[in-house]
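Residue numbers (the UniProt record's numbering), protein chains in the order written: chain A, 1 to 768; chain B, 1 to 768. Everything on this sheet refers to the single structure shown next.
There are 2 protein chains.
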Amino acid sequence: MKKVIFLGVLFLLFSFRSIDSGKNITVSNQQELNAAIKEASAGDQIIMANGIWKDIQIKFTGKGTQAAPIVLKAETPGKVFIEGVSDLKIGGTYLEVSGLFFRNGYTPSSTVIDFHIDKKSIANHCKVTQCVIEDFTQLNRVHDDHWIEFWGRYNELDHNYITGKSNQGPTIMVVLKGNEHINNHHKITNNHFGPRPRKGGPHGETIQIGDSGTSMSPSYTLVAHNLFERCDGEVEIISNKSNNNEYRNNIFYKSEGSLVLRHGNYCTIDGNIFIGDENSDFMGGVRVVNTGHWITNNYFYKIKGAEFRSALAVMNGVPKAPQNRYNQVTDVVIAYNSFVDCITPWQFSVGANMDKSDVLPATEIRSARPDRTIVANNSIYNQVPNDFPVKAYDKVDGVLFKNNILNSPNNSDVKDNGIQTAAFGVNKVSDWLYVPTENKTDVYQGFDFETISTDLFGSDRTATNAVGAMVLPVDKNKGTIITKDYGTNWFATDKKMTAPKTVKVSTAQELIAAIDKVEAGSIIELKKGVYNLTESLVINKAITIKGKNKNSKATLVYTGAAKSPAFLMEPKGNLAVENLILKGSKEQYAFATLEKNMKSAYNLKMNTIEVSDFETILNAYKDAFADTIAIDNSVFKNCNRGIRLADENEDLGEYNAEFVYIKNSKFDAIQSSVLDYYRGGYDESTIGGNLVFQNNTVTNSGKQEASGILVKTRGIVNVVFANNTFTNNPIAAIAVLWGEKGQAPKDNMIKNSGEIKIEQNLKQKMMY
Amino acid sequence: MKKVIFLGVLFLLFSFRSIDSGKNITVSNQQELNAAIKEASAGDQIIMANGIWKDIQIKFTGKGTQAAPIVLKAETPGKVFIEGVSDLKIGGTYLEVSGLFFRNGYTPSSTVIDFHIDKKSIANHCKVTQCVIEDFTQLNRVHDDHWIEFWGRYNELDHNYITGKSNQGPTIMVVLKGNEHINNHHKITNNHFGPRPRKGGPHGETIQIGDSGTSMSPSYTLVAHNLFERCDGEVEIISNKSNNNEYRNNIFYKSEGSLVLRHGNYCTIDGNIFIGDENSDFMGGVRVVNTGHWITNNYFYKIKGAEFRSALAVMNGVPKAPQNRYNQVTDVVIAYNSFVDCITPWQFSVGANMDKSDVLPATEIRSARPDRTIVANNSIYNQVPNDFPVKAYDKVDGVLFKNNILNSPNNSDVKDNGIQTAAFGVNKVSDWLYVPTENKTDVYQGFDFETISTDLFGSDRTATNAVGAMVLPVDKNKGTIITKDYGTNWFATDKKMTAPKTVKVSTAQELIAAIDKVEAGSIIELKKGVYNLTESLVINKAITIKGKNKNSKATLVYTGAAKSPAFLMEPKGNLAVENLILKGSKEQYAFATLEKNMKSAYNLKMNTIEVSDFETILNAYKDAFADTIAIDNSVFKNCNRGIRLADENEDLGEYNAEFVYIKNSKFDAIQSSVLDYYRGGYDESTIGGNLVFQNNTVTNSGKQEASGILVKTRGIVNVVFANNTFTNNPIAAIAVLWGEKGQAPKDNMIKNSGEIKIEQNLKQKMMY
């Protein structure tokens, strides 16, 4: 007996020693780092000295143990900057990376942080924590990469802040190609995913797990307790493409997309919070495809989107679908969710397109309705009555509704005893959290429902149970997003807003100097007068350039080289021009993007400006992407070409601008089309661009437009075309709208111009 | 403390009492049985009285417990006969059925034994044991049913004997439609699956688990320690169509088919024995489709088939395959298997058909090669050298070969350092078991290979390891199939062969009487002379009808009704005719099947007979199926139609005969085709029929054949067409052979007749 105890003590001592005896090795350059990695053994800590590490490619290998990992860490968290052309690859066991800050650069490989080095060197039980990746994006936004790739098994991404990926490719990709990578049990936890700007087109996911080719594999990846803040990259914030993944207790805060079960089966979506926006129809909830998912205890607030972007979108599948298309929804359980102030939150048979069989191949026709699916114990509450809780794009004959309640009348086509209007109230806990005033305890006990034993906030459901995501009582603190629970403990994500500064200028030189020097967000006010410019004004930050007021406009006369722009929009350029008169000498562009390396989106607003005598009003080059172009109260005349957003012509679903608003403006004597806004390639899984063309007057334009169309919008999904006046335009068609997308002209006045046509179904190039 | 013990004792007493107190209720008819079932509680035994229970539909419901199931059992195992139009459905918990004998009947529903009654009454933890189902087959073989359907979870089929299903539909079907039925952990163990006759066409599996529509669901069904004896139903003995199933330690004894991973992923095939036959190319091994399977420790003996029927067939998939077609093989591990005396046991990219893209849609073109697949530590041994161990129908660039050995030179196209010729010997343990003379211990350690910790017979691999399925020493008893380990403890599966009895007859009356009375297997010998018959001779058992010898033939003159046959083949009719002259009066059929209810196959052999003046030589009606039609040394003349096996014209892959041998015979003055043997419908997953047409002479025939083809074989997969003589046949084509299937005429003499054509790729009607 004594002997055993003695050995036990020895073992304890040994264990402790093994941790304690780890060396601390501080390194200051790549050579020292490489040497340290080569020498490191379990328990060692390699400490990267504070400072900027530029153009560094780290291969972190080694064999740590659970008790004694090998750690690669910043001397001070956040003070080790990885910049330039740099990346980090991890291959080994129990390796941990901590405190690095990736910024001012991009990866030379296909990943910023990679949980494998090559086929033979794969990470297992490795962890990246307390790191930041900020704007570490490729120079060209169509250059594809992933910021973090998971390979191997049991790897973790925990407490990191990741933001600003604007190039093509999911931010995080979990790879399942090979038995070494399945059943991986990776954990993506407590991270803060900061804003990811709208990418335009596909491949802008924040997380993708697997792909269609490995979608039959079990992944068992856990995505839990993360904050997704304004992750607007594309219609899928998370794209699930493998089996057995769990999405638990994440907050999706004002993010324009959904958690999409695109491929793969038997996933769990439990206890997540989806917070939408008063004004946005783009923030979605959960979109369901495939088999066997359980969607429980989720809370949806102010999700106002429809179809793909609805709070709960249950899709139609393609019968016997090809591996990369849409499988039928079967054996899905949707229970104990709450929907508050959502517009028509339940949408079934989303994607049904049987009417398109003449323009699409059979493998694209989604006619297989959800089957063997249970929707039970959910609650729908609306402060302003919402009589249409359910929308169905096909028959709803394979869904069993049980014990769902709503507080409005149900005037939907889908009526069912399992969806009952009931009087119930809510109490406001915070801006977005409303809890019921009482537990509605009459719940349906479906097969295996006893496994739903807790609620959204972890409260027990076995003693008292209730319809909806919450069982009372609810702790009032649950209504607050505690940002320190997410991301790092050192990076400040709450940037302070300072009041914009105004700089007044009265000469061209002053203007040029001011643009270069002012802080982002500043206003440059031009004294009335003429500013002669021979070089482009370079815009790479947020800036407003304005005349004093509409009665006191400044005049910019640009006489630079042919095809050079008066305003050159660079990445992150965010320009507002107001109260200006802008004149060219027929050869220049008024506005244009860089021809190359438009790594991030730009924004352009024009209000009360007059543009004349340019070759082109706006020229967006291929790969350039505008988040928003907004034109109001302006006049454009005597230009050869209008607003050109049509260089994304590879027909891969890409397009040059997400939102284009043209309102209350006049176009006169534009020789070709006044607008050319194009999206090519059949990609119904992402949704854009968006055009509002309203209250404008177009005269004497289109004379030389080869296509015969004055306002070109081919392939753009959302178009409002209303209240415009077209007079004396010598052209065949004013516009050709896309009928299937609900586009229809409204209240336009047409005189001596072409007609507005509608093409019901567009024939598009298949991308797959 | 005392109190706790006291309660414990009470609990124990209570538990014991609950078992002991179970009632034994003996029942003698359906009413009593129903009442007993209604009243039964945990621990009760309902005893069905010995005798024949006819036309009974049993619904066995109740709630037993693990410790105290409710048992429904035969008074004496095997003495309770379920006959007529009967079935058994089970719905409840811990119900057990034992000792019943299903025979002389068929089910009125879609199942004989069903682990569910309806949507609400599903079996869980139920068991069927010590039962026999013998020939309980539908009257019409295309009438679909399953003998045993699994629903629910944790059900068992253990120690049963099941044989003789000749109608359409898998013998056992595991259903996964709904969450109640997934993750089912059913066990199919220690059963003896006796002969299942060749069905002809698809839907003749012995076990099918899931279907393409539920193939993404986890099943976790265990199929272990079963004996499959001559399960010849179709090309798939077991059709795996779901995930995570395990096939362990089964013996496939001379069964014409394979264990096929048709749909579904991540299955285990471990420790199985596949025993082929000296003469058969139809007995297969394992056919692999999809992702993540582990095929380990299996032993293949004398598997001689090719392509779909090879010992190890690894298929090409369809890129992005539709759910019901062929997915690419990826992440598959094939390790530690032994192949003894197999012909070209490894076949890769089976099913590659890129050359057929002009006749098949893209969704049928299997061009996706196996990828990320490991073939390691396998051994191939051939007593007679076999230089072509590997056949590949496409490039083999996604397979990693490691430490595989063979004892012959490798003259295959596929050469690899991972396939090495090595000198090693084997010792014969039994007819089919050969064990290596020494452990070849140089094994490859692949990812997760340490989980392969035992060998074919359960011996440890962690101390000593070896290439191949076995680690020495091997217990010599392992070479014997101990039949008592399989099936029931009461049913004798070894039928004694008695020497055939011969009955001599000399009049038609005696002949008719003898056919009716003799035992199956008897010989009726006809004295030379003329036998005038006006009614059909009905053949429903094995019988030989012969003249004494070829020089002393008896003559049967049949003058029955028009279109009635001289010999009427009924189900299980197995007729051999020898040394006979058979004459009609131009209106009758010489041979024909029943028009309806041909529930089982028939066999027909003709040797040294002369047939003349019939309307048709043989007329097989729709739904009739001959296993073998063998004609030798015979003469057919002056008939309107020849041998007609072409009524299966629904183009669903069905056909009228599996094997047709026509040799050394003469056809003269047959007005239409001499043979019409047809299979329609594109069904490349099953393989048949089979024709040998050799050494025949055909003259003056085909005059009135509308198709212009003398020997019609459209859709028949295997055709030998050699050494025939065709003279003076006024017809366009003698035959149209199917080039893609390797059909080519050989050494035929043609004079003043049509030509023999070859059509490379057949355009066929898609079945899916």
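Glycine included, every Cβ here is placed at the ideal spot set by N, Cα and C.
The three-state reading of DSSP puts Gln-138 of chain A in coil, since its state is none of H, G, I, E or B.
With respect to the 8 Å criterion, Asn-748 of chain B and Asn-724 of chain B are classified as neighbours on the basis of their beta carbons.
Between the alpha carbons of Ala-566 of chain B and Cys-639 of chain B lies a distance of about 14 Å. For Gln-420 of chain A, there is no enclosing alpha helix (DSSP H); the residue is found in the beta strand (DSSP E) stretching over 419-421.
In terms of Cα proximity to Leu-400 of chain B, the closest of B:Gln-383, B:Asp-387, B:Asp-413 and B:Gly-418 is B:Gly-418. Runs of the beta strand (DSSP E) lying entirely within the stretch 256-323 of chain A and spanning at least 3 residues, in chain order: 258-263, 268-270, 273-275, 286-288, 294-296, 299-301 and 312-315. If you check each beta-carbon in the stretch 437-448 of chain B against every beta-carbon of chain A, the ones closer than 7 Å belong to Phe-447 and Asp-448. For Gln-347 of chain A, the enclosing beta strand (DSSP E) begins and ends at 346-350. Residue range 508-517 is occupied by the alpha helix (DSSP H) that includes Glu-510 of chain B.
For Ser-242 of chain B, no Cβ of chain A is located within less than 8 Å of the residue's own Cβ. In this structure, Val-518 of chain A sits near Lys-501 of chain A, with a CB-CB distance shorter than 8 Å. Under the Cβ criterion of 8 Å, Asn-353 of chain A is not counted among the residues facing chain B. Across the stretch 306-323 of chain A, CB contacts with chain B closer than 8 Å involve Lys-320, Ala-321, Pro-322 and Gln-323, in sequence order along the chain. In terms of beta-carbon proximity, Arg-369 of chain A stays away from the interface with chain B, with every pair separated by 8 Å or more.
Interface flag for Ile-182 of chain B against chain A is set, since a Cβ pair is found closer than 8 Å. One Cα belongs to Ala-592 of chain A, the other to Val-318 of chain A, and the distance between them is close to 43 Å. Annotated three-state conformation of Ile-709 of chain A is strand, per DSSP. If you check the CB distance, Asn-279 of chain B and Phe-252 of chain B do not come in under 8 Å. In the three-state reduction of the DSSP assignment, Met-749 of chain B falls in the strand class, which pools E and B. When the five nearest sequence neighbours on each side are left out, the beta carbons in the same chain lying within less than 6 Å of the beta carbon of Ser-552 of chain B are those of Lys-528, in order along the chain. Distance check between Asp-145 of chain A and each of A:Thr-171, A:Leu-157, A:Cys-126 and A:Glu-134 places A:Thr-171 closest, using alpha-carbon atoms only. When the five nearest sequence neighbours on each side are left out, the beta carbons in the same chain lying within less than 7 Å of the beta carbon of Ile-750 of chain A are those of Phe-726 and Ile-734, in order along the chain. Chain B places a beta carbon closer than 8 Å to that of Ser-217 of chain A, counting this residue as a contact.
Following the DSSP letters along the chain, one finds Leu-100 of chain B inside the beta strand (DSSP E) bounded by residues 100-106. Flagged as an interface residue toward chain A: Arg-372 of chain B, by a C-beta distance shorter than 8 Å.
Taking a 10 Å sphere around the C-beta of Met-354 of chain A, we find fewer than 16 other C-beta atoms and assign the residue as exposed.
Within its own chain, the residues whose Cβ lies closer than 7 Å to the Cβ of Arg-262 of chain A, once the five positions on either side in sequence are excluded, are Glu-236, Ser-239, Asn-240, Lys-241 and Val-289, listed in chain order.
Rounded to whole angstroms, the gap between the alpha carbons of Gly-653 of chain A and Tyr-393 of chain B is 37 Å. A buried status is given to Ala-311 of chain B, since no fewer than 16 other beta-carbon atoms sit within 10 Å of its beta-carbon. For chain B, the residues of the stretch 164-178 of chain A that bring a beta carbon within less than 7 Å of one of its beta carbons are Lys-177 and Gly-178, in chain order.
Fewer than three beta-carbon pairs drawn from the stretch 445-454 of chain A and the stretch 349-368 of chain A are found closer than 8 Å, and the two stretches are therefore not classed as touching. Of the residues B:Leu-762, B:Lys-476, B:His-192 and B:Gln-208, the one whose Cα lies closest to the Cα of Asn-427 of chain B is B:Lys-476.
Of all C-beta pairs linking the stretch 446-465 of chain A to the stretch 484-495 of chain A, fewer than three are shorter than 8 Å, placing the two stretches out of contact. Within the model, the alpha-carbon separation for Ser-86 of chain B versus Ile-207 of chain B is close to 22 Å. DSSP places Ile-539 of chain B in the strand class (E or B) of the three-state scheme. Listed along chain A are Asn-179, Ile-182, Met-216, Ser-217 and Pro-218, each with a C-beta nearer than 9 Å to that of Gly-292 of chain B.
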